[in-house]
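Colleague:
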Amino acid sequence: MAETFDVVVIGGGPGGYNCAIRLGQLGLKAACVDSRGSFGGTCLNIGCIPSKALLHATDLYTVARLDFPRFGITGTPGFDLATMMAHKQKVVGELTKGVEFLFRKNKVTGIVGAGKITAPGKISVTGKDGTRELEAKHTVIATGSDVVGLPGITIDEKQIVSSTGALEFTSVPKRLLVMGAGIIGVELGSVWRRLGSEVLVVEFLDRIVPGVDGEVARQFERLLTRQGIKFKLSSKVVGVEKNGDVLSVAVEPASGGAREMIEADAMMVCIGRRPYTDGLGLEDVGVQRDKRGRVVTDAHFKTNIAGIWAIGDVREGAMLAHKAEDEAVACAENIAGRAGHVNYDAIPSVIYTYPEVAVVGKTEEELKAAGVAYKVGKFPFTANARAKTNITTEGFVKIIADAKTDRVLGVHMIGPDVGNMIAEASLAIEFSAASEDIARTSHAHPTLSEAVRQAAMAVGGWAMQM
Ligand SMILES: Cc1cc2nc3c(=O)[nH]c(=O)nc-3n(C[C@H](O)[C@H](O)[C@H](O)COP(=O)(O)OP(=O)(O)OC[C@H]3O[C@@H](n4cnc5c(N)ncnc54)[C@H](O)[C@@H]3O)c2cc1C
12 MAETFDVVVI GGGPGGYNCA IRLGQLGLKA ACVDSRGSFG GTCLNIGCIP
62 SKALLHATDL YTVARLDFPR FGITGTPGFD LATMMAHKQK VVGELTKGVE
112 FLFRKNKVTG IVGAGKITAP GKISVTGKDG TRELEAKHTV IATGSDVVGL
162 PGITIDEKQI VSSTGALEFT SVPKRLLVMG AGIIGVELGS VWRRLGSEVL
212 VVEFLDRIVP GVDGEVARQF ERLLTRQGIK FKLSSKVVGV EKNGDVLSVA
262 VEPASGGARE MIEADAMMVC IGRRPYTDGL GLEDVGVQRD KRGRVVTDAH
312 FKTNIAGIWA IGDVREGAML AHKAEDEAVA CAENIAGRAG HVNYDAIPSV
362 IYTYPEVAVV GKTEEELKAA GVAYKVGKFP FTANARAKTN ITTEGFVKII
412 ADAKTDRVLG VHMIGPDVGN MIAEASLAIE FSAASEDIAR TSHAHPTLSE
462 AVRQAAMAVG GWAMQM
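Residues in the sequence shown are numbered consecutively from 12, following my numbering.
1) Got a sec, what are the start and stop residues for the alpha helix (DSSP H) isoleucine 433 sits in?
2) Looking at the structure shown, is asparagine 401 part of a helix, part of a strand, or coil, going by DSSP?
3) Should alanine 93 be labelled buried (16 or more other beta-carbon atoms within 10 Å of its own) or exposed?
4) Answer yes or no: the CB of glycine 58 versus the heavy atoms of ligand 1, is any distance below 8 Å?
5) Considering only their Cβ atoms, is the gap separating leucine 258 from alanine 275 smaller than 9 Å?
6) Note down the Cα distance separating valine 260 from aspartate 289, rounded to an integer number of angstroms.
7) Could you give the residue range of the beta strand (DSSP E) that holds serine 135?
8) Could you pull the DSSP bridge partners for arginine 284 from this structure?
9) If you reduce the DSSP assignment to three classes, tell me which class phenylalanine 242 lands in.
10) What number of angstroms, rounded off, separates the C-alpha of valine 251 from the C-alpha of alanine 466?
11) At what residues does the alpha helix (DSSP H) containing glutamate 146 begin and finish?
12) Indicate the three-state DSSP secondary structure (helix, strand or coil) for leucine 258 in the structure shown.
13) Mapping DSSP to helix, strand and coil, what is proline 88?
14) Can you tell me the Cα-Cα spacing of isoleucine 319 and histidine 149, whole angstroms?
15) In angstroms with no decimal places, state the Cα-to-Cα distance between lysine 99 and arginine 218.
16) Name the two residues that bound the continuous alpha helix (DSSP H) containing alanine 341.
17) Find out if the Cβ-Cβ distance for the pair glutamate 336, glycine 328 is shorter than 9 Å.
18) On the three-pair Cβ rule with 8 Å, is the segment 25 to 36 touching the segment 136 to 156?
19) Quick one: complete beta strand (DSSP E) runs, 3+ long, within the segment 175 to 255?
20) Assign methionine 475 to one of three DSSP states: helix, strand, or coil.
21) To the nearest angstrom, report how far apart threonine 107 and serine 182 are at their CA atoms.
22) Using 8 Å as the threshold, is the segment 450 to 470 in touch with the segment 365 to 379, meaning 3 or more CB pairs across them?
23) My understanding is that glycine 430 touches lysine 373, with C-beta atoms under 8 Å, so please give their C-beta distance in whole angstroms.
24) According to DSSP, is proline 264 helix, strand or coil?
Below you can see the structure in the form of structure tokens.
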């Protein structure tokens with residue numbers, strides 16, 4: 012006999028698990044199905060969390076190596092990759108177990124197995140111990156995304172890896188070729204560069220980190236280059252051959268032209284991610300998808316089939332854990348008859364390298380294209396007292412405000428710890444703040460966040476500390 016729920020959520024990533032938890036809080040009987048065997052999805056298992064564990068560890072190592080002597084701290088630091096990896100795995104284990112705890116706390120039934128929608132309201136889950144039939148008034152698709160490969164290039168997750176394999180190298184590749192200068196490429200490229208790899212990033216476009224404000228991206232490229240990461244822009248990988256332990260990677264100009272062979276010991280393919288709906292049965296049920304395979308929903312996360320909803324990486328929008336989480340909350344509230352919504356203009360995006368990059372809202376490029384008149388205020392970390400004490404003076408804060416109303420439209424930062432500082436900017440945008448509101452808000456001294464206040468003052472032409 013089928014087990015019945017108010018809502019079955021398929022996928023246990025930040026979209027799925029947060030949706031199930033919020034449904035539980037709202038008094039609905041929810042189940043969350045995930046095939047992975049450990050909840051938390053891409054984010055907790057093979058994404059945000061393991062990558063940040065390695066980024067933090069390797070940043071500490073770099074600071075110890077390069078900055079400690081400048082502070083008068085002596086000694087020669089070294090690293091043990093196995094311990095670094097064990098730390099990463101421990102954190103992943105603790106956080107994924109944490110999701111199970113939150114399920115228990117909110118009376119969510121966690122089910123391990125592959126979910127398939129056999130008809131609206133009917134879900135069949137195939138796990139190790141056989142198949143369970145579930146019935147629910149609502150089904151939420153939160154099956155996330157998967158790595159995009161390239162025809163002719165086989166990812167073995169040992170030598171030719173996706174981000175997943177790049178989180179698991181058992182030794183430091185001497186020469187690492189990274190295909191794609193997006194966020195994941197520069198983050199994981201940084202990890203291995205810091206541990207000694209010669210890193211070459213090949214990117215199709217003529218710039219790195221597409222979507223990030225152009226001025227920030229140019230400064231970012233300069234700073235990463237100074238750290239020893241090499242970029243080959245406007246270029247494409249067209250093939251790879253394995254010659255024993257060495258890879259011969261064929262690279263051509265993006266617009267076509269002479270082929271060049273580049274040797275590497277490992278290659279990471281990170282040219283994007285695709286919505287993952289394999290085996291879900293969407294064709295049979297008639298759930299509409301767009302040309303890119305994303306599940307189509309309205310602004311309330313409803314698909315074209317009554318009672319089926321979709322959130323997170325599997326639908327349109329930025330592939331970010333907190334975007335999935337925001338949609339999860341709004342979708343759960345809509346299912347419960349409330350009025351959940353997401354303000355996409357206030358969703359930040361962070362690159363956790365050194366320096367960090369953190370952005371929210373519109374870029375100058377977007378505003379120009381839309382014909383919106385704006386004013387800009389900028390403040391460099393070289394003029395921030397705390398950045399000076401910490402020897403972390405690279406980068407700047409840039410605030411863009413509407414020319415007429417002064418409303419904050421975008422905040423773009425590159426610098427130390429800006430990933431934490433962007434929350435203030437998101438809040439400002441969420442509350443429709445003016446740049447003057449930020450400029451007149453007290454910021455503790457001496458903190459890096461004073462750079463945000465000074466940039467806001469600069470919008471009005473009265474930055475006082477430069
Ligand atoms: C290396 C890397 C680093 C990242 N770093 C960041 C970061 O720092 N910050 C950030 O915001 N984002 C980051 N991301 C992106 C982030 O991980 C995703 O945006 C987020 O996980 C999307 O959440 P989701 O719930 O939509 O899907 P997912 O997290 O992908 O979860 C979907 C789950 O559904 C399961 N599933 C799929 N089909 C079925 C089925 N039929 N039945 C049962 N289960 C199924 C999958 O196994 C998976 O566990 C990173 C991604 C990667 C790869």
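Backbone N, C-alpha and C fix where the C-beta goes; we use that ideal spot for every residue, glycine too.
Modeller: In terms of the structure at hand:
1) In the sequence shown, counting from the first residue as 1, residue 433 sits at position 422. Counting along the chain, the alpha helix (DSSP H) containing isoleucine 433 begins and ends at 429 to 441.
2) For the purposes of this step, residue 401 is identified with residue 390 of the sequence shown, where counting begins at 1. Residue state, collapsed to three classes: helix.
3) Taking the first residue of the sequence shown as 1, we reach residue 93 at position 82. Burial call: exposed.
4) Sequence index remark: in the sequence shown, residue 58 carries index 47 (1-based). Ligand 1 has a heavy atom closer than 8 Å to the beta-carbon of glycine 58.
5) Sequence index remark: in the sequence shown, residue 275 carries index 264 (1-based). Sequence index remark: in the sequence shown, residue 258 carries index 247 (1-based). For alanine 275 and leucine 258, yes; Cβs fall inside 9 Å.
6) Within the sequence shown, numbered from 1, the residue matching residue 260 stands at position 249. Within the sequence shown, numbered from 1, the residue matching residue 289 stands at position 278. Straight-line Cα distance between these residues: approximately 30 Å.
7) Taking the sequence shown and counting its residues from 1, the one referred to as residue 135 is at position 124. Per DSSP, the unbroken beta strand (DSSP E) holding serine 135 starts and ends at 133 to 138.
8) To locate residue 284, count along the sequence shown from 1; it is residue 273. Answer is Val158, bridged to arginine 284.
9) Within the sequence shown, numbered from 1, the residue matching residue 242 stands at position 231. In the three-state reduction of the DSSP assignment, phenylalanine 242 falls in the strand class, which pools E and B.
10) Start at 1 with the first residue of the sequence shown, and residue 251 comes out as number 240. Start at 1 with the first residue of the sequence shown, and residue 466 comes out as number 455. Each residue's CA atom was taken as its position, placing valine 251 and alanine 466 some 46 Å apart.
11) Here residue 146 refers to the residue found at position 135 of the sequence shown. For glutamate 146, there is no enclosing alpha helix (DSSP H); the enclosing beta strand (DSSP E) covers residues 141 to 152.
12) Translated into the one-based positions of the sequence shown, residue 258 becomes position 247. Residue state for leucine 258 is assigned as strand, using DSSP reduced to three classes.
13) Walking along the sequence shown from the start, residue 88 turns up at place 77. Proline 88 carries a coil assignment under DSSP once its states are collapsed to helix, strand and coil.
14) Within the sequence shown, residue 319 is the residue found at index 308, counting from 1. Within the sequence shown, residue 149 is the residue found at index 138, counting from 1. Taking the straight line joining both Cα atoms gives about 6 Å.
15) Working through the sequence shown from its first residue, we reach residue 99 at position 88. Working through the sequence shown from its first residue, we reach residue 218 at position 207. Just so you know, the alpha carbons of lysine 99 and arginine 218 end up roughly 31 Å apart.
16) On the sequence shown, residue 341 is found 330 positions in, with the first residue counted as 1. Counting along the chain, alanine 341 sits inside the alpha helix (DSSP H) bounded by residues 332 to 346.
17) To locate residue 336, count along the sequence shown from 1; it is residue 325. To locate residue 328, count along the sequence shown from 1; it is residue 317. At the C-beta level, glutamate 336 and glycine 328 stay beyond 9 Å of one another.
18) With a cut-off of 8 Å, the segment 136 to 156 and the segment 25 to 36 count as touching, because enough Cβ pairs lie within range.
19) With a minimum length of 3 residues, the continuous beta strand (DSSP E) runs that stay inside the segment 175 to 255 are 186 to 190, 209 to 213, 241 to 243, 246 to 254.
20) To locate residue 475, count along the sequence shown from 1; it is residue 464. Note: methionine 475 maps to coil in three-state DSSP.
21) Taking the sequence shown and counting its residues from 1, the one referred to as residue 107 is at position 96. Taking the sequence shown and counting its residues from 1, the one referred to as residue 182 is at position 171. So the two alpha carbons sit approximately 26 Å from each other.
22) Contact between the segment 450 to 470 and the segment 365 to 379 is absent: fewer than three C-beta pairs spanning the two stretches fall below 8 Å.
23) Indexing the sequence shown from 1 puts residue 430 at position 419. Indexing the sequence shown from 1 puts residue 373 at position 362. The Cβ separation is near 19 Å, so there is no contact.
24) Within the sequence shown, residue 264 is the residue found at index 253, counting from 1. Strand, per DSSP.
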